Amino acid sequence: MGDAAVSALVKDVIGRLTSELIKEFALFRGFKGDILRLKKDFEEIQAVLEDAEEKHIKEKAVELWLQRLRSASFKVENVLDDISTEALLRSLHKEIDIERGIKIGIKYKVRASFSKFKFRVRAAHKVKAIRTKLDDIASRRFELNLTSSDTSHVDVGVEGEMPNRETSSLILDSSKILGRDEEVEMVIRTICNKDIGKCENGEIRVYGIWGMGGLGKTTLAQLVYNQTSVNQYFNLRCWVYVSENFQVKEIIKGIITSIDKSECTLTHLDVLQESLQSKLREKKFLIVLDDVWAEENEKEKWERLSGTLSCGAEGSIVVMTTRSERTCRMMAKVGELRHQLGCLSEENSWLLFKKHAFAQGRVGDDVRKLEPIGREIVVKCKGLPLAVKTLGSLMWSKSSSNDWQRVKDSNIWNLQENNVLPALKLSYDNLASHLKRCFSYFCLFPKGHELKKDELILLWVANGFIPSREETDNLYVIGEEIFNCLIWKSLFQVEEGRCKMHDLVHDMARHVMKHDCLVIEPACNEVKIPDELTSLRSIFMFGEGDEGCITQLFNHVYVRVLHLALTKLRTLSESICKLKHLRYLNLSNSDIEVLPDSIMYLQNLQVLILCYCRRLCKLPESICKLRDLKYLTLLGSGIEVLPDALQDMISLQRLDINDCDSLRCLPFGIGKLTSLRMLPWFPVGKERGVKISELGGLNLLEGKLKIEGLKNVGGLSEAKSANLKCKKNLSILVLKWSECDLVDSDTEELYTPAMFPDFEEVLEGLEPNPSLEILKMYDYMGKTISPSWMDNLRNLVEIHFFRCENCEHIPPLGRLPSLRVIELWAMESLKYFQDDDINMSIDNTDMFICLQRLKIMWCGELISLPDNLPKLEDLELRKCEKLISLPCNLPRIKKMKIEDCDGLLSLPDEIESFKDLKRLEIRSCEHLSKRCKRDKGEDWPKISHIPELIIYGPT
């Protein structure tokens, strides 16, 4: 395949040249022939792109040819963008003129026709000029001896490429790391021995792991960091990614953030040092500084940092990883505390390769036939785990021995370019063109940067990287498939729901993406666009950002992505309308107070992200003219009201209004947005706001839906109008009867059941789809929770009832086969866990067959619980004063917490047999606390085997 920005671009341009809009435009005299010739040239060029990719490594002329092709392709794309945008803007101008009462008469039509004619003439001239250049580029393929290739061995997409395994299995698993067991044990023995490398002058001990990129230094550090023995030895552990910019202030902030689990906002170095020392003092800590690049001339910085860290208890240590032996020697001064990580042995390399290349689900030639070729490929990886793993993932999708032989014999193994591993380049070159673009785009972010999956997919969508098979395709879902595919191919790493790139993979992505983006660093007052960035499509600004600097960006009219998050910008210039091709605008965490009316001229805008713009209280009505906007994210913003004409944004698919605390209602007509897939919050209005019936047609909603103000629903029929049963993609449903914490937002009167008597009817009408996984109910004031549909929820995993204070009966939850979590909170009238409690047999084995967690709080009338909970692992009981006994059959229980349950007189005898019980906590339970007193209490023999006991009460 060709370069990411060429092969995918050429394919995209060919598709656009055959679109209906271009065909209509081509009716203009002489224009059709040029369009057809462009298409023919591109198709001929496309046939030789794979050969060009192979040859450009060694032949400079081919490299220059690809650059010329790339430039011409972008120019064609620019013209096509101009044509499609012109059509959108003409439609918008006509709509605005009609709204203003301008008469659409003969003069108006003549003026519009002349303007349209002038635009077509300009576009035709541009196309003709480009066609001439492209003719020359196409003919040059013969001089360069570029030949058509069979591309059947190249990945064609994402379908069928991945074995059936969960993404979570790709997170670091120590049992799957090969060849490092002895080194892990050696490092642990060293760092957990306070006498090894002990410094007489009180300096902090430093253990250095060094070696070339791709060896697995970070993996080794992770394995050590997560060992149980290490966790038990150190009082405190922190992990900080350092990378190429060794800044003492940033490292200290990183350590504090790691300790506090929240962002450190301190700015002055002295204050930071004092704060860190107060957290470390007299604690035995382990701090990992990963991927350090400090040079000898930065020795003073390191000494300042190490001085700050020399305040812990004896045995404290810093573990650092680096590619540089000099850096390692500068920081880890004691020879015993330095370890050079070597390459994997050939046999361990083969085992790692085989684990990925022959994973479950592959099809093709017999493994025995492929093994000799595979072993030769492994030798070429030179013992680098990253290279071995990436190549193994690539070979999984290669079915024949010919495909394997082609990889083994590739010229790319002779690649001489700095920082680019041949194995990674091979894996990249074998991606489908759209996968290449999606992968390489990640390099716009700094090394070590972690990105949410949603954010990355929206960037792909905005750039047009995601191919659609049909017009109705959900591009976001296809983006998720691509994301998972890149994880499986070991090109992305996923940790705790966020993804990042290995440094070497990042280097390779930056190598292939170097011409398409501009990254503006903090403290920039002037933007200078390099000459080679004529194809500039994305601008990312990191830092506060100067308003003048930002306004300069609006002159680059073909930019598609503008990322201005974290800037101090308060107003956005009206001149942003120049960016008529803009598809993605991110102003998250900025000081923006108002958006300009001219935003309506950004007719190509698909993604607008305004997360945590706390000063932004409303959106301009003109924003509703953005007919192509698909994703509007207002998460955590100061928005108080949404535009009245929101219903006109017919393409809107995701409206994220989570944590918009000032927003009280939705605008009328929101039910017309039938393409919506994300609407996390729906408040039902009474005198103002929307009726629940507006949910009726929103059947594509997915993920979580929280419906508030159900007290305003009139009865069964009105509740049914929400049509929840047809929303099969909802996984979480939250039903809340109150609005503002049990207070009516209009009258400020206490919300009581007498005010709204139809609770049972409304609940009956809110029947969800059987695919629902989590159900939560708040402030339900009926006496029973017994809808006829409850038994249909066969996929329900969690159920939560909060503040249902009048409820005396809950449904028979034990019959739900998938239920794992039950939480009951503030249900003051509930006596029995379910009606079946009264007559239920103790040895009933068909109930609660999957329940793992049971949490019951402030249920003062509750008398008993079911006895048989065979899978329960976590039991928490609080403020259940009348509960007189605990379940007896809990063979899997691991944690129990009992607080303020004075009705419990003793623990069950069976607790002695709960061999998995690791933690028992009893607080404010007078009788139990006495009976469980260490060595003296009557129940002490029952619980003395439990490793962690916390008993608070009378002594």
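For what it's worth, our numbering labels the leading residue of the sequence shown as 58, then goes sequentially.
Every residue, glycine too, gets a C-beta built ideally from N, C-alpha and C.
Just so you know, these numbers come straight off a predicted model, no measurement behind them.
{"Query": "For asparagine 354: DSSP bridge partner residues", "Result": "DSSP output for asparagine 354 lists no bridge partner at all."}
{"Query": "Given glycine 962 as reference, the closest of Pro948, Glu995, Tyr485, Asp973 once Cα atoms are compared", "Result": "It should be pointed out that residue 962 corresponds to leucine in this sequence rather than to glycine. Selected option, being the one with the closest Cα: Glu995."}
{"Query": "Pair within 8 Å by beta-carbon distance, tyrosine 837 and leucine 823", "Result": "no"}
{"Query": "Residue closest to glutamate 1072, alpha-carbon to alpha-carbon, out of Cys907, Ile941, Glu930", "Result": "There is simply no residue 1072 to check, as the chain begins at 58 and stops at 1012 in what is shown."}
{"Query": "Span of the alpha helix (DSSP H) around tryptophan 461", "Result": "458-465"}
{"Query": "Exposure of aspartate 713, with buried meaning 16 or more beta-carbon neighbours within 10 Å", "Result": "buried"}
{"Query": "Secondary structure of tyrosine 533, DSSP reduced to three states", "Result": "helix"}
{"Query": "Distance, leucine 149 Cα to valine 136 Cα", "Result": "20 Å"}
{"Query": "Whole-angstrom C-beta distance between isoleucine 842 and phenylalanine 859, which should lie under 8 Å", "Result": "No, phenylalanine 859 and isoleucine 842 are not in contact; Cβ-Cβ is about 12 Å, not under 8 Å."}
{"Query": "Other residues of its chain near lysine 782: CB distance less than 6 Å, five sequence neighbours each side excluded", "Result": "Glu824, Asn826"}
{"Query": "Burial state of tyrosine 1009 (16 or more Cβ within 10 Å)", "Result": "exposed"}
{"Query": "Residue burial classification, threonine 365 (beta-carbon count within 10 angstroms, cutoff 16)", "Result": "buried"}
{"Query": "Alpha-carbon to alpha-carbon, aspartate 486 and asparagine 405", "Result": "26 Å"}
{"Query": "Straight-line Cα distance separating leucine 662 from glycine 695", "Result": "22 Å"}
{"Query": "Pairwise C-alpha distance: cysteine 864 and cysteine 916", "Result": "11 Å"}
{"Query": "In DSSP terms, what leucine 689 is bridged to", "Result": "Leu665, Leu712"}
{"Query": "Bounding residues of the beta strand (DSSP E) (the contiguous stretch that carries proline 429)", "Result": "Element bounds for proline 429: not the beta strand (DSSP E) but the alpha helix (DSSP H), 424-437."}
{"Query": "Alpha carbon of glutamate 200 to alpha carbon of leucine 709, nearest angstrom", "Result": "50 Å"}
{"Query": "C-beta contact flag for glutamate 796 and glycine 766 at 8 Å", "Result": "yes"}
{"Query": "Residues that leucine 790 bridges to, as DSSP identifies them", "Result": "Leu762, Leu832"}
{"Query": "Paired residues, beta bridge with aspartate 931 - DSSP", "Result": "Arg910, Lys952"}
{"Query": "Neighbourhood of valine 562 by C-beta, 7 Å cutoff - its chain only, sequence neighbours within 5 removed", "Result": "Leu481, Leu548"}
{"Query": "Glutamine 304 - containing alpha helix (DSSP H), residue span", "Result": "From DSSP, glutamine 304 is part of no alpha helix (DSSP H); its letter is neither H nor E."}
{"Query": "Close-in-space but distant-in-sequence residues of the same chain around leucine 74 (CB under 7 Å, 5 per side omitted)", "Result": "Ile92, Leu95, Lys96"}
{"Query": "Spatially closest choice to phenylalanine 499 from Trp517, Ser484, Ala489, by CA coordinates", "Result": "Trp517"}
{"Query": "Residue environment, lysine 546, which counts as buried when at least 16 other CB atoms sit within 10 Å", "Result": "buried"}
{"Query": "Sequence-distant residues of the same chain with beta carbon closer than 8 Å to arginine 711, five excluded per side", "Result": "Tyr533, Lys687, Tyr688, Leu689, Thr690, Leu733, Arg734, Met735"}
{"Query": "Cα-Cα separation, asparagine 468 to isoleucine 266", "Result": "33 Å"}
{"Query": "Methionine 847 and proline 874 closer than 8 Å at C-beta", "Result": "no"}
{"Query": "Pairwise C-alpha distance: leucine 343 and lysine 306", "Result": "19 Å"}
{"Query": "Strand pairing of glutamate 1005, partner residues [DSSP]", "Result": "Arg976"}
{"Query": "For lysine 80, the three-state DSSP class (helix, strand or coil)", "Result": "helix"}
{"Query": "Beta-carbon spacing of methionine 657, leucine 621 below 8 Å", "Result": "no"}
{"Query": "Inter-residue Cα distance where the pair is lysine 557 and cysteine 542", "Result": "14 Å"}
{"Query": "Extent of the continuous beta strand (DSSP E) run through arginine 262", "Result": "262-267"}
{"Query": "Own chain, CB closer than 8 Å to asparagine 646, minus 5 neighbours either side, in chain order", "Result": "Ala622, Leu623, Cys668, Tyr669, Cys670"}
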